[in-house]
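Participant:
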Amino acid sequence: MSPLIPFFVLSPIVAGGTCWWVLNRIGTKREQRARAALDGMVKGLRGHKPPGTVDLQVREVSWSGDTELSPHHCRVRVVMSGVDARSIPPRFVVESAPGAPRPPPAVLAALRTLDAEVMASLVRGGWRWQRPNIDFEPESATLDA
Numbered sequence: 000m001s002p003l004i005p006f007f008v009l010s011p012i013v014a015g016g017t018c019w020w021v022l023n024r025i026g027t028k029r030e031q032r033a034r035a036a037l038d039g040m041v042k043g044l045r046g047h048k049p050p051g052t053v054d055l056q057v058r059e060v061s062w063s064g065d066t067e068l069s070p071h072h073c074r075v076r077v078v079m080s081g082v083d084a085r086s087i088p089p090r091f092v093v094e095s096a097p098g099a100p101r102p103p104p105a106v107l108a109a110l111r112t113l114d115a116e117v118m119a120s121l122v123r124g125g126w127r128w129q130r131p132n133i134d135f136e137p138e139s140a141t142l143d144a
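So for the sequence shown, numbering that gives the first Met the number 0 puts the first residue at 0; every next one is plus one.
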């Protein structure tokens, strides 16, 4: 029996374990960075007023769901207040399907700008390839529910 047989048997096991440990460690660090970027975005967005002539203000921002494992399940909820917020349909997504209810063009332009600011802040925090769902809601819809 060759003395190299234990080496050939154990080396793939050790290599696999090392690879698993490294990938797990990288995933944990990316998860922490993604959560920190979301928390920073929430802090920076509260009370923000989108540029333009519309009367909108960010009342509340929250996020829920998975970040690294399934970013398409991550949902950012932005509650808007102001006079023009009443024209926003409940759970409005800027990239909604054609035919879906839409706010007036000036409000839609402000929401697109706000959506771009949210994504720019997330990209700075490490969300390069992911895109969470960003929902805009009027303040009145959250008070009724």
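No residue lacks a Cβ here, since even glycine has one placed at the ideal position from N, Cα and C. None of the values given here were measured: they were computed from a predicted structure.
1. Between the Cα of phenylalanine 91 and the Cα atoms of Glu136, Thr112, Gln56 and Ala108, which residue gives the shortest distance?
2. Assuming glycine 125 contacts glycine 39 under a Cβ cut-off of 8 Å, what Cβ separation, rounded to an integer in Å, is found between them?
3. Roughly how many whole angstroms lie between the Cα atoms of aspartate 143 and proline 89?
4. Roughly how far, in whole angstroms, is the beta-carbon of valine 41 from the beta-carbon of tryptophan 62, given that I think they are within contact range, below 8 Å?
5. Answer yes or no: do alanine 105 and valine 57 have a C-beta to C-beta separation smaller than 9 Å?
6. Quick check: the Cα distance between arginine 85 and aspartate 65, rounded to an integer number of angstroms?
7. Are the Cβ atoms of serine 120 and alanine 36 separated by less than 9 Å?
8. Where does glycine 26 land, buried or exposed, given buried means 16+ other C-beta within 10 angstroms?
9. Grab the span of the alpha helix (DSSP H) containing serine 1 for me, first residue to last.
10. Which same chain residues end up closer than 6 Å to glutamate 59 when comparing Cβ atoms and leaving out the 5 residues on each side of it in sequence?
11. Would you list the one or two residues that DSSP bridges to glutamate 59?
12. Looking at the structure shown, is proline 137 part of a helix, part of a strand, or coil, going by DSSP?
Facilitator: Checking against the coordinates, here is how it stands:
1. Glu136
2. Between glycine 39 and glycine 125 the Cβ distance is about 11 Å, and since that is not below 8 Å, they are no contact.
3. For aspartate 143, the predicted structure reports a pLDDT of 48, less than 50, and the residue's modelled location is therefore unreliable. A value from the coordinates is still provided. Spanning the two alpha carbons is a distance of roughly 11 Å.
4. Correct: roughly 7 Å between the Cβ atoms.
5. no
6. 30 Å
7. The Cβ atoms of serine 120 and alanine 36 lie closer than 9 Å to each other.
8. exposed
9. Segment: none, serine 1 is in no alpha helix (DSSP H) and carries neither H nor E.
10. Val78
11. Val78
12. strand
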